[in-house]
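Working notes for the structure below.
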Amino acid sequence: MKSWIAALGLACVTLLGGCGKDDAAKQAAAPAAADSVPNPLRVATEGAYPPYNMVDASGNLVGFEIDMMKDICRRMKVECQFVATAWDGMIPALQAGRFDVVVAGMSITEERLQAVDFSDGYTTTPAYLVSANSNPLQKEDYGVPKVDLTSMSPESQAALDKLRGLLKGKVMGVQTATIHANFAEKYLGDVVDLRRYDTQEQLALDMQSGRIEVGLADAVTWNAFLQRPEGKDYSFFGPGFDGGLFGRGQGVALVKGRTALKTALNSAIKEMKADGTMKTMSVQWFGFDTSMP
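In the numbering used here, the protein residues as written are 512 to 804.
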């Protein structure tokens, strides 16, 4: 669901211990770490992408991915050490050895696979547009319920063309450095006034205040807003979007070459799917089954 942009500055705030430059350099340089399952396993997440990951009223990281990683760590017989860090710097910080894996609603895309490796996918949901219920965009017939960018049918192309026409001149919001921002830039960037936000919460707040008319994000993330009282006057509109640059579901990101760690992650994820744990957690946090087969 999200993308990345290489950043020069890396933000790293740990919830369980420090993240000093000297320690990170030593950990990144340790040859044994290249092909092993570390204990504790340092797990980076954003803490601002509900219900995948977020911070509760007590300041604790919670969400689907937090529960999932705790279960994965239990199956791998290692301790999970969660690290809250800014979204933009996650890939560079992972490569620098500041943590072992990234679990942050991160989609498996061809772009990312050039820089890092991924576990098997664990969830997938289409991207959707949202606007106020009173917006005329809500009443339009777009012809198809979903557009697959991998194999565009004539009907899907017609739906996209109609959407482009209706969105011309509109102010649209996306979270920065995400696959949704990539989609908006490629397919809509020449017709909309595109605004970028550091977090999904900031996007939703500007929609409520009227600073933007339309927002784009994945369906599950939108539900976290639409199901709250402040989201009661907003709804999905138009077709959903998946395939193509939206990737192949969400996965656990890790540095290339860590074969033992990737094997252990995939084994735990496979077990969770087989025994129903992944589905149960998905329904608990999302309200429906988003788990991948």
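Here a beta-carbon is modelled for each residue, glycine too, at the ideal position from N, C-alpha and C.
Please read these numbers as outputs of a predicted model, since none were measured by experiment.
> Using CA coordinates, which residue listed in S662, V554 and T636 is at the minimum distance from F799?
Replying inline: Here residue 799 is taken as the residue at index 288 of the sequence shown, counted from 1. The residue with the shortest Cα to Cα distance from F799 is T636.
>> Check for me: the alpha helix (DSSP H) holding S720 runs from which residue to which?
In response: In the sequence shown, counting from the first residue as 1, residue 720 sits at position 209. That run of the alpha helix (DSSP H) goes Q711 to S720.
> Do you know how far the Cα of R722 is from the Cα of E651?
Replying inline: On the sequence shown, residue 651 is found 140 positions in, with the first residue counted as 1. On the sequence shown, residue 722 is found 211 positions in, with the first residue counted as 1. When rounded, the distance between both Cα atoms is 22 Å.
> In chain order, what residues of the same chain lie with their CB nearer than 6 Å to the CB of A539, ignoring the 5 residues before and after it?
Replying inline: As a working note, residue 539 is residue 28 in the sequence shown. Note on A539: pLDDT 39, under 50, position unreliable in the model; the coordinate value appears next. Excluding residues within five positions, the ones whose Cβ falls inside 6 Å are A607 and G608.
> Between D709 and the ligand MG, is the CB less than 6 Å from at least one heavy atom?
Replying inline: The ligand MG is absent from the structure shown, which contains no ligands of any kind.
> Going by alpha carbons, who is nearest to F748 out of R586, T596, A604 and A638?
Replying inline: What you label residue 748 is simply residue 237 of the sequence shown in a count that begins at 1. Answer by Cα proximity: A638.
> Where do the ends of the beta strand (DSSP E) carrying A638 lie?
Replying inline: Position 127 of the sequence shown, counting from 1, holds the residue named residue 638. Note, A638: beta strand (DSSP E), A638 to A643.
> How many whole angstroms separate the CB atoms of K681 and P750, which I take to be in contact at a CB cut-off of 8 Å?
Replying inline: By 1-based counting over the sequence shown, the position of residue 681 is 170. By 1-based counting over the sequence shown, the position of residue 750 is 239. Not confirmed; about 17 Å, so no contact.
>> So, under 8 Å CB-CB, V573 and V612 are touching, yes? Tell me the CB distance rounded to an integer number of Å.
In response: Position 62 of the sequence shown, counted from the start, is the residue given in the question as residue 573. Position 101 of the sequence shown, counted from the start, is the residue given in the question as residue 612. At roughly 18 Å, the Cβ-Cβ gap does not stay under 8 Å, so V573 and V612 are not in contact.
> Mind pulling the beta strand (DSSP E) runs of 3 or more residues that sit fully within the stretch 647-719?
Replying inline: 657-659, 682-686 and 704-708
> Mind checking T661: buried by the 16 CB within 10 Å criterion, or exposed?
Replying inline: Sequence index remark: in the sequence shown, residue 661 carries index 150 (1-based). Per the 10 Å Cβ criterion, exposed.
> In whole angstroms, what is the alpha-carbon distance linking P549 and G755?
Replying inline: Counted from its first residue, the sequence shown places residue 549 at position 38. Counted from its first residue, the sequence shown places residue 755 at position 244. Cα to Cα, P549 sits roughly 34 Å from G755.
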